[in-house]
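Here is the structure we will look at.
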Amino acid sequence: MRAALYLAAAIVLETIASSMLKVSDGFSVLFPSIIVVIGYLGAFLFLSLTLKSMSLSTAYATWSGAGTALTAMIGVTIFGEAVSLMKFGGLLLVIIGLVLLNTQHKAEKEKETSASK
Numbered sequence: 052m053r054a055a056l057y058l059a060a061a062i063v064l065e066t067i068a069s070s071m072l073k074v075s076d077g078f079s080v081l082f083p084s085i086i087v088v089i090g091y092l093g094a095f096l097f098l099s100l101t102l103k104s105m106s107l108s109t110a111y112a113t114w115s116g117a118g119t120a121l122t123a124m125i126g127v128t129i130f131g132e133a134v135s136l137m138k139f140g141g142l143l144l145v146i147i148g149l150v151l152l153n154t155q156h157k158a159e160k161e162k163e164t165s166a167s168k
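Quick note: the sequence shown, position 37, residue 88 per the working numbering, numbers continuous.
Rendered as structure tokens:
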């Protein structure tokens, strides 16, 4: 449970930091640039805490995939980026992949728990 909370924090911080990259205008605007640095430092801190009890493949794929999908959604909703059928399809595939990956992780975790009893 704790790993999932750490992973969620890492995803949120990475999404904020990635979104602030656009606002920082190439690190020429101070406040958003500071948010980028703090956001990525926090994201990597929480990702490293996640890895104490979650496999690298599941944690990293979830972190990067969810961060990518959320950042793309922010690009469309906040920054007015265009939505195409290809972009929507790509995001849908990322989300489906995350669901499948985490379903597999949950099944493996349950198998480990039942084997240790």
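For glycine and all other residues, C-beta sits at the position ideal for the given N, C-alpha and C.
Let me confirm a value: residue i is counted as buried when at least 16 other C-beta atoms fall within 10 Å, else exposed. Which label applies?
i, result
"Gly-44", "Only positions 52 to 168 of the chain appear in the structure, and residue 44 is not among them; the question remains open."
"Gly-77", "exposed"
"Gly-116", "buried"
Helix, strand or coil: how does DSSP classify residue i here?
i, result
"Ala-55", "helix"
"Phe-139", "helix"
"Gly-148", "helix"
"Ile-67", "helix"
"Ala-133", "coil"
"Phe-78", "coil"
Who are the Cβ neighbours of residue i in its own chain at under 6 Å, not counting the five residues just before and after it?
i, result
"Ala-68", "Val-87, Gly-90, Tyr-91"
"Glu-65", "Ala-94, Gly-118"
"Ala-123", "Leu-142"
"Pro-83", "Met-71, Val-74, Ser-75"
"Gly-126", "Glu-132"
Give me, in chain order, the residues of the same chain whose beta-carbon lies closer than 7 Å to that of residue i; leave out the 5 immediate sequence neighbours on both sides.
i, result
"Ala-61", "Ala-94, Phe-97, Leu-98, Thr-101, Trp-114"
Quick check: what's the CA-CA separation for residue i versus residue j?
i, j, result
"Met-105", "Met-71", "28 Å"
"Val-145", "Ala-110", "14 Å"
"Ala-112", "Leu-149", "7 Å"
"Leu-121", "Ile-129", "11 Å"
"Val-134", "Leu-107", "32 Å"
"Met-52", "Lys-160", "12 Å"
"Lys-162", "Tyr-57", "23 Å"
"Leu-152", "Ile-85", "33 Å"
Closer than 8 Å by C-beta to residue i: which residues in its own chain qualify, once you throw out the five before and the five after it? Chain order, please.
i, result
"Val-80", "Val-74"
"Lys-103", "Ala-54"
- Going along the chain, which unbroken runs of the alpha helix (DSSP H) with 4 or more residues stay wholly within the region 92 to 120? Fully enclosed alpha helix (DSSP H) runs of 4 or longer: not present.
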